[in-house]
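> Here UniProt numbering is used: the first residue of the sequence shown is 1, the next is one more, and so on.
From the three backbone atoms N, C-alpha and C, an ideal C-beta is built for every residue, glycine too.
Just so it is clear, the structure is predicted and the values come from calculations on it, not from any experiment.
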Amino acid sequence: MVTQFSRGQKAQLSAVTQSTDLYVGIQINAPGEWDVSCFGLDGDDRLSDDRYFVFFNQPASPEKSVELLGPQSGDTQAFRVSLDRVPASIGRLSFCAALDGAGSAAAITSGYLRIVVGGAEVLRYSFTGADFTTERAVMIGDVYRKGVWRVAAIGQGFQGGLAELIRSYGGEVAEEEPPPAPPRHDQRKAPTPPPAAPGQPAPAYGGGQPAPAYGGAPVPAGMPGAQPPVGAFGGPEPLPSQVQPTPPGAMNSLAPYREVPTAGRWTQQNGKLVKVTLGPDALALRGSMVAYQGNVEFDYKGGGLRGLIEGKLTGQSLKLMTCKGSGEVFLAQDAADLHIVELGSSSLCINAKNLLAMDATVRTEVRRIESAGIPGGGLFHFEVSGPGSVVVMTKGSPMTLPVQGPTFADMNALVAWTTGMRVSVSTQVRISRQIYAGSSGEALALQFMGFAGHFVVVQPYEV
């Protein structure tokens, strides 16, 4: 659910998300070029440390608590904000935009600031040029610390461009140096090149030295007649892939499957593949990694002897690996449908067979549903609790069913359900359950009883 903010509105960040890993996207539809930046301000709302001014020429703060991601799908500019990395000296992150050139903010046809967590948008503040007049810069929104992290929709115009905005926050702007004077054209006659050795043609003035014969010594660079080194005026010699055009149709046919830009900690690449951007560690099923980029390490994560025994007894065990480092890891499992679920501070009951990955901060515990109607007297499941997100696997598109009165679900098709409900086992086992009217043909089903807000998730497939 997206929370819509209006100009001047403030709220605790926890009211919209429990996550500290935020994707902040800003869109401005207006003539001209707009520079979007983030100011990391101290307790006096001053830019006391220029390293916390994140913009196109300085794309990250020192500890990467704020990172510039560049234009993303639909967003003019985007940032990744890791609030747990923001140092105590920084009390406010102010997101601003300044027009580079002539014009004013009154020409903005539409714009917004949005916050995305785990691939889902949780907050949006929309604005138009009607909120401004002749201003050339806009203070759009803030994420600030006042006891707890809070968010505010500012929507305030500023007279002046980016340089004036920086100075207003106490920052310094380096003055541009005047362009160098054009070189004087020497009208004197060019010197005559030295005479060639007998039997060799004299090179034209400015020409290169002929390549030496095989085995001959090359002429040292800087000597008369020596060739300039390769790439001397354009950097290193370009790779063949940089100078040869891509065959037509090769990328065009694959363009719909390009990597989806990062949108927070977890990003849905497609229905069967997710991406996790590392910083904090993540846990995933062993063997679920299909690709990764960056400096990433994968470690075995075991549950010890207790976990081994518990898994044998309950059937609710996970063979996990820890993904740590810096980079991106792409995860999938048997082409199953994947769904990113942000837990926040809530809990969810889930079948272990349907769990692909999660944040390392997520707590897990094996729980038991007691019932005298089944062998062994109980059934087991995983209970996962935030903070953090989990990635749930299903076979086919799942259905989320609100619990309104008694609700029954086949145990083999059940994926997850909310905690806090009364859960019991319903048995319809008869001599031959298929021959009696009113029987579902299923041996066991779970019955759920709960108040408004509770739900169960089932899949069109029986494990």
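DSSP three-state label for leucine 13, please.
Looking at leucine 13 - three-state DSSP - the assignment turns out to be helix.
> For tryptophan 149, which of Val81, Gly155 and Leu165 has the nearest alpha-carbon?
For the residues Val81, Gly155 and Leu165, the minimum Cα distance to tryptophan 149 belongs to Val81.
> Using beta-carbon positions only, say whether glycine 32 and glycine 111 come within less than 8 Å of one another.
No, the Cβ-Cβ distance between glycine 32 and glycine 111 is not below 8 Å.
> On the three-state DSSP scale, how would you describe asparagine 412?
Three-state DSSP puts asparagine 412 in coil, outside helix and strand.
> In three-state DSSP terms, what is alanine 332?
Reduced to three states, the DSSP call for alanine 332 is coil.
> Flag this pair as touching only if the region 323-335 and the region 275-290 have three or more C-beta atom pairs under 8 Å; answer yes or no.
With a cut-off of 8 Å, the region 275-290 and the region 323-335 count as touching, because enough Cβ pairs lie within range.
> Quick one: is tyrosine 125 buried, meaning 16 or more other Cβ sit within 10 Å of its Cβ, or exposed?
The residue is buried, with at least 16 neighbouring Cβ atoms inside 10 Å.
> Excluding the 5 residues flanking valine 403 on each side, which residues of the same chain have their C-beta closer than 7 Å to its C-beta?
Answer for valine 403: Met421, Phe448, Gly450, His454, Phe455 and Val456, listed in chain order.
> Let me know the secondary structure DSSP gives asparagine 351 once reduced to three states.
Asparagine 351 falls in the coil class under three-state DSSP.
> Determine, using beta carbons only, whether isoleucine 340 and glycine 119 come nearer to each other than 8 Å.
Cβ distance < 8 Å, so isoleucine 340 and glycine 119 count as in contact.
> Thinking serine 48 and glycine 161 are a contact (beta carbons under 8 Å), I'd like their distance in whole angstroms, please.
Between glycine 161 and serine 48 the Cβ distance is about 22 Å, and since that is not below 8 Å, they are no contact.
> Threonine 407 to threonine 400, Cα distance in whole Å?
Going by the C-alpha atoms only, they are around 12 Å apart.
> What residue does the alpha helix (DSSP H) around leucine 165 start on, and which one ends it?
Segment 162-168, the alpha helix (DSSP H) holding leucine 165.
> Would you list the residues sitting across from asparagine 295 in a DSSP beta bridge?
For asparagine 295, which the question treats as bridged, DSSP gives the partners Ser326.
> If you draw a straight line from the C-alpha of cysteine 38 to the C-alpha of proline 261, how long is it?
If you take the alpha carbons of cysteine 38 and proline 261, they lie about 20 Å apart.
> Quick one: Cα of glycine 26 to Cα of glycine 74, how far?
A small correction: the amino acid at residue 26 is isoleucine; glycine does not occupy that position in the sequence shown. Straight-line Cα distance between these residues: approximately 9 Å.
> According to DSSP, is alanine 98 part of a helix, a strand, or is it coil?
Strand, per DSSP.
> Quickly, what does DSSP pair threonine 3 with across the bridge? List them, please.
Leu123.
> Take glycine 388 and list the residues in its own chain whose beta-carbon comes closer than 7 Å to its own, dropping the five residues that flank it on each side.
Result list for glycine 388: Leu343, Met358, Asp359, Thr361 and Val362, in chain order.
> Rounded to whole angstroms, how far is the Cβ of leucine 318 from the Cβ of leucine 285, which I believe are closer than 8 Å?
Leucine 318 to leucine 285, Cβ: 7 Å. Contact.
> Look up valine 219 in the DSSP assignment and say whether it is helix, strand or coil.
Note on valine 219: pLDDT 44, under 50, position unreliable in the model; the coordinate value appears next. Of the three classes helix, strand and coil, the one that applies to valine 219 here is coil, per DSSP.
> State the DSSP-derived secondary structure class of glycine 70, mapped to helix, strand or coil.
Three-state DSSP puts glycine 70 in coil, outside helix and strand.
> Does DSSP put leucine 113 in a helix, a strand or coil?
Of the three classes helix, strand and coil, the one that applies to leucine 113 here is strand, per DSSP.
> Using DSSP with H/G/I as helix, E/B as strand and the rest coil, what is glycine 40?
The answer is strand: DSSP assigns glycine 40 an E or B state.
> Tell me whether the region 91-101 and the region 137-157 touch, counting them as touching only if at least three CB pairs, one residue from each stretch, are closer than 8 Å.
The region 91-101 vs the region 137-157: in contact.
> Let's test the definition: count the other Cβ atoms within 10 Å of the Cβ of threonine 394 and tell me whether it reaches 16, buried, or not, exposed.
Threonine 394 is buried by the Cβ-count criterion.
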